[in-house]
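Report on the following structure.
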Ligand SMILES: C[S@@+](CC[C@H](N)C(=O)[O-])C[C@H]1O[C@@H](n2cnc3c(N)ncnc32)[C@H](O)[C@@H]1O
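Numbering (the numbering used here), first residue to last: 18 to 312.
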């Protein structure tokens, strides 16, 4: 069944390594027809841009970051919707306009104490460079973007519409959002399922939810190759400075598709620039579309 992924729509939260630009590439390379009772499994869901655009009938959607999952669970249960988000951002956006950085840091302290999903959304959209970063104790620690006028009406409407869109994508579907480590999620894969993996980049953006060691990367490769179902793994292949030797070391024997991509989330210049992204697919689950590239 061809998957219609254009135009790609964007979910309400941003995170490092978000695959918005790569969604058409990723989904067009995967051949999976959703056999009856099978599910899409995404252990590193992040913003959710891949699964929301794929919109399978059944899914197990997980991340170790409880804030991401609790926001989407709230939307799924109808506790958070377009109107609630709009009203919340309106009120808090006015406070931000009045008190600037002081208010941002007040919300950040409040979030680090009570972990409200609405505060999470506010911080995610008002913080510096759209970063999602937590300290060793799990506290959100990204500074203010220094734009007190951040929540203009058009911006609030855009975010509220994104919340509404993800709510619609979930509606009537058998989706479970779960706070979990990838090891536990992979154990649930059954023949017929499809697992899409987008692990953190080794040695980059390391923080409380994204600590990713070489040993863990190797363990993931071993466990993934033993899955009883189809899978695809996103991984950077090379940038202007170096090649990712981990692919050769741990992920050979798979179908590799490559897409050129401009990487620009991140504060430091060193984290920006052209990057070739690989999609490593279990043989038998790749479409015949071959190489693809994006500006
Ligand atoms: C590269 S991001 C995924 C980006 C996502 N595909 C998107 O387009 O937005 C990696 C995600 O893995 C999650 N993560 C990190 N370590 C994890 C672990 N041990 N188990 C499950 N999820 C983990 C992070 O919280 C983060 O959301």
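C-beta atoms are modelled at their ideal positions from N, C-alpha and C, and glycine is treated no differently.
The structure displayed is predicted, hence computed values, not measured ones.
Assuming contact is defined by CB atoms lying nearer than 8 Å, are residue i and residue j in contact in what I supplied?
i	j	result
residue 102	residue 176	yes
residue 165	residue 113	yes
residue 193	residue 78	yes
residue 304	residue 46	yes
residue 292	residue 253	yes
residue 37	residue 50	no
residue 183	residue 29	yes
residue 152	residue 146	no
residue 246	residue 207	yes
residue 86	residue 196	yes
residue 143	residue 161	yes
residue 43	residue 296	yes
residue 218	residue 59	no
residue 127	residue 136	yes
residue 148	residue 88	no
So residue i is in the alpha helix (DSSP H); what residue range does that whole segment cover?
i	result
residue 187	170-187
residue 89	83-93
residue 100	99-116
residue 167	Neither: residue 167 is in no alpha helix (DSSP H) and is coded neither H nor E.
residue 69	66-71
residue 271	Here residue 271 belongs to no alpha helix (DSSP H), and DSSP marks it neither H nor E.
residue 224	Residue 224 -> no alpha helix (DSSP H), and no H or E assigned at all.
Does the Cβ of residue i lie closer than 7 Å to at least one heavy atom of ligand 1?
i	result
residue 49	no
residue 147	no
residue 60	yes
residue 29	no
residue 63	yes
residue 14	The question about residue 14 has no answer here: the residues shown for the chain are numbered 18 through 312.
residue 81	yes
residue 155	no
residue 298	no
residue 199	yes
residue 89	no
residue 172	no
residue 38	no
residue 217	yes
residue 34	yes
residue 212	no
residue 239	no
residue 180	no
residue 275	no
residue 227	yes
residue 85	yes
residue 66	yes
Three-state secondary structure (DSSP) at residue i?
i	result
residue 123	helix
residue 54	coil
residue 40	helix
residue 138	helix
residue 239	helix
residue 263	helix
residue 128	helix
residue 212	strand
residue 150	coil
residue 193	strand
residue 302	coil
residue 233	helix
residue 159	coil
residue 33	coil
residue 311	Low confidence applies to residue 311: its pLDDT is 48, below 50, so where it sits in the model is not reliable enough to give any reading.
residue 200	helix
residue 279	strand
residue 19	Because residue 19 carries a pLDDT of 48, less than 50, the predicted location of this residue cannot be relied on, and no value is offered for it.
residue 27	coil
Check for me: the beta strand (DSSP E) holding residue i runs from which residue to which?
i	result
residue 247	247-256
residue 290	290-298
residue 77	75-80
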